[in-house]
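Engineer:
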Amino acid sequence: MNKPDKTPISITIVACNEEKRIGECLRSVQWADDIVVIDSGSTDRTLEIAEANGARVIHHDWPGYGAQKQFATSQAKHDWILNLDADEYVTDKLADSIRNTFLDLPESIVAFECNFEHFLMGRWLRHGEAYPDPHIRLFNRQAGNWNTRPIHEHIEINGPTDKLEGSIRHRTVESLAEYIEKINGYTDLQAKIIVESGKRVRFDQLFLRSFWRFLRGYILRLGFLDGIAGLTHSMTSTLTTYLKFAKAYELQNKDRG
Numbered sequence: 001m002n003k004p005d006k007t008p009i010s011i012t013i014v015a016c017n018e019e020k021r022i023g024e025c026l027r028s029v030q031w032a033d034d035i036v037v038i039d040s041g042s043t044d045r046t047l048e049i050a051e052a053n054g055a056r057v058i059h060h061d062w063p064g065y066g067a068q069k070q071f072a073t074s075q076a077k078h079d080w081i082l083n084l085d086a087d088e089y090v091t092d093k094l095a096d097s098i099r100n101t102f103l104d105l106p107e108s109i110v111a112f113e114c115n116f117e118h119f120l121m122g123r124w125l126r127h128g129e130a131y132p133d134p135h136i137r138l139f140n141r142q143a144g145n146w147n148t149r150p151i152h153e154h155i156e157i158n159g160p161t162d163k164l165e166g167s168i169r170h171r172t173v174e175s176l177a178e179y180i181e182k183i184n185g186y187t188d189l190q191a192k193i194i195v196e197s198g199k200r201v202r203f204d205q206l207f208l209r210s211f212w213r214f215l216r217g218y219i220l221r222l223g224f225l226d227g228i229a230g231l232t233h234s235m236t237s238t239l240t241t242y243l244k245f246a247k248a249y250e251l252q253n254k255d256r257g
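For the sequence shown, the residue numbers in UniProt numbering are 1 to 257.
1. Using DSSP's beta-bridge definition, name the partner residues of N140.
2. List, from N- to C-terminal side, the alpha helix (DSSP H) runs of 4 residues or more that fit wholly inside the segment 133-220.
3. In or out: L220 buried (at least 16 other Cβ within 10 Å) or exposed?
4. Please state if the CB of T12 and the CB of residue 261 are separated by a distance shorter than 8 Å.
5. Measure from the alpha carbon of R141 to the alpha carbon of each residue in Y218, D79, E88, I194, then state which is nearest.
6. May I ask you to report which of helix, strand or coil DSSP gives I9?
7. Does the beta-carbon of I228 have 16 or more other beta-carbons within 10 angstroms, so that it is buried, or is it exposed?
8. Can you say whether F207 is buried or exposed, counting buried as having 16 or more other CB atoms within 10 angstroms of its CB?
9. Just how far apart, CA to CA, sit R216 and S234?
10. Taking contact to mean at least 3 C-beta pairs separated by less than 8 Å, is the segment 103-116 in contact with the segment 158-167?
11. Return the chain-ordered list of same chain residues with a C-beta closer than 6 Å to the C-beta of F214, the five sequence neighbours on each side being excluded.
12. Who does N115 pair with in a DSSP beta bridge?
13. Need the endpoints of the alpha helix (DSSP H) that E107 sits in, please.
14. Is the segment 132-141 in contact with the segment 73-92, if contact means three or more CB pairs nearer than 8 Å?
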């Protein structure tokens with residue numbers, strides 16, 4: 001059976017000032033029938049690049065990660081949606097897996113899980129928390145959607161799922177300095193969530209959870225096999241855990257003399 005020219009799914013991408021990365025993302029999904037980019041106010045060449053690669057571009061002011069992705073879902077042409085961030089792209093193996101699956105799509109399946117690969121310090125990580133790092137990204141919107149968490153949002157699905165071959169490659173930063181800057185912003189949001197939940201931060205959360213995250217990623221999941229990049233990933237993951245609880249502790253005690 002010959003593959004159709006275009007696979008009947010929608011690609012949704014949320015973006016803002018992503019001219020350095022979005023081109024690779026868009027070029028990796030030209031086999032899809034519908035590509036929609038939800039832009040929240042880019043001032044660089046993001047919109048020009050998106051339109052040049054055949055995407056529909058829709059402006060929508062930024063309401064938070066989960067809410068923006070929900071809006072993107074609502075703008076898709078098809079019920080089946082593959083969501084990507086602008087700094088991610090689909091490998092050829094995953095593209096073939098998706099296209100072959102849609103030649104004979106099982107009626108019972110409502111979503112598919114994909115492995116992720118993460119790039120850091122000049123190499124694709126293959127161990128630790130960084131790989132295989134599976135997430136649901138291809139789903140039928142009749143059976144689920146994104147939650148509205150302001151960070152670490154995910155797709156909530158009601159029904160059977162399956163797994164695809166291949167992976168989504170995530171090239172999130174161009175330098176370690178940029179990575180630390182992102183961690184600082186993310187942990188601000190995470191700390192706010194902790195405080196708003198009413199949970200009090202204790203010493204064991206600051207120390208033991210941070211220690212466990214390093215032990216799990218670097219030793220138990222063999223992060224050390226990725227060399228200096230693996231050590232850096234484990235250390236920055238540990239720092240992320242520590243900072244979110246430390247910042248929450250600071251917020252909870254800021255009014256004390």
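Here a beta-carbon is modelled for each residue, glycine too, at the ideal position from N, C-alpha and C.
Structural biologist: So, from the listed chains and residues:
1. W80
2. 176-197, 203-214
3. exposed
4. An answer regarding residue 261 cannot be provided, because it is not within the stretch 1 to 257 covered by the chain.
5. D79
6. strand
7. exposed
8. exposed
9. 9 Å
10. yes
11. S234, T238
12. S167
13. Taken as a continuous stretch (DSSP letters only), E107 belongs to no alpha helix (DSSP H), as it is neither H nor E.
14. yes
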